[in-house]
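In my numbering, the protein residues as written are 6 to 238. For each residue, glycine too, the CB sits at the ideal point set by N, CA and C. Read through the structure below, which is laid out as structure tokens, and then see the notes.
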């Protein structure tokens, strides 16, 4: 809760500064956690599109306190445009990743575990392993931002996503395959798992001229090569 309070303070202070400084334009980085969890359940999941959140009608229940914090930031972006004429665009990145990402995130954790357990009969993932996410490489995120930022001024939101559901078991299986072996993927059900399925609709991105180019296997291959090279004496 205190970390969320800090996030809210930072966002509020940022928009207060922006209202005074009046930069030509700003980018507001939100999160896919703002989407209502009702669309991410095992019994009824679907691709998440930007129109599922409407501040004039219904915003649903976002994912935990972090989702609320980012949703508040989006609302402040809208108010900054309506009340102060501050141009901005809101981005909702999904599961972004890159070779040098912190180990606290799933992507480097699974890739490094696959590499460290090379040749083993099993490879573990958190939760059941059936949960699904939409993995997008950081280079694609940057490309998407550069291509779309000039096109929206009124604080509308745009997903940064691939539109592909990938389970953690599928991810681990691919990582192991890249490392040259085929273990049984075992879920650690006593570990946190989060919502069941989260992936972003890409229709709006495509209309704005952006499509992600780096698929997950390619991203894993890059990462495994990077980690292997880094660990060489």
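Asked: Sub-8 Å separation of residue 119 and residue 170 beta-carbons; Found: no
Asked: Buried versus exposed call for residue 136 [16 or more other C-beta atoms within 10 Å across all chains shown]; Found: buried
Asked: Nearest-angstrom Cβ-Cβ length linking residue 37 and residue 111, presumed shorter than 8 Å; Found: Wrong, their Cβ atoms sit about 14 Å apart, outside the cutoff.
Asked: Assigned exposure category for residue 56 - 16 Cβ within 10 Å defines buried; Found: exposed
Asked: Identified DSSP bridge partners for residue 31; Found: 93
Asked: Spatial distance of residue 100 from residue 90 (CA atoms); Found: 31 Å
Asked: With 16 other Cβ atoms within 10 Å as the buried cut-off, status of residue 214; Found: exposed
Asked: Under 8 Å between C-beta atoms of residue 33 and residue 79; Found: yes
Asked: Residue 193, buried or exposed, once every other Cβ within 10 Å from all chains shown has been counted against 16; Found: exposed
Asked: Exposure label - residue 183; buried when at least 16 CB within 10 Å; Found: buried
Asked: Which of helix, strand or coil DSSP assigns to residue 141; Found: strand
Asked: Buried/exposed call for residue 146, threshold 16 Cβ in 10 Å; Found: buried
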